[in-house]
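Novice:
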Amino acid sequence: MKRTLATLALVLAAPAALSQSMQITPAESRAGQVGSAETFSGTVYVAPVFGPDMASVSAGEVTFLPGAGSA
């Protein structure tokens, strides 16, 4: 009986131990900047996808205006 209760307690506690939080940020709140002339030709805007607290990864959303491209 004790073994069954212990197993049940572990099964019920597992999702809470593995849960993570998620923060949804609207695109309008992410400050973008003009892309570097060394990397892009024409006018390009780059907005970060992740916040500054993500030290191990980075990603950006790139918007190319007509006639722009990667250098």
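Mind the numbering: the sequence shown is residues -19 to -1, 1 to 52 in mature numbering (1 follows the signal peptide of the UniProt record, and there is no 0), read in order. Even glycine gets a Cβ: it sits at the ideal position worked out from N, Cα and C.
1) If you run the structure through DSSP and keep just helix, strand and coil, what is alanine 28?
2) Can you give the Cα-Cα distance for threonine 44 and leucine -15, rounded to whole angstroms?
3) What residue range does the beta strand (DSSP E) around glutamate 42 cover?
4) Relative to the C-alpha of valine 27, which candidate in Ala49, Ser37 and Gln1 has its C-alpha closest?
5) Comparing C-alpha positions only, which one of Thr(-13), Arg(-17) and Ser51 sits nearest to threonine 20?
Specialist: Considering the structure as presented:
1) Here alanine 28 carries a strand assignment [DSSP, helix/strand/coil].
2) Taking the straight line from one Cα to the other gives about 56 Å.
3) From DSSP, the beta strand (DSSP E) with glutamate 42 extends over 41 to 45.
4) Of the listed residues, the one whose Cα sits closest to valine 27 is Ala49.
5) The shortest Cα separation from threonine 20 among Thr(-13), Arg(-17) and Ser51 belongs to Ser51.
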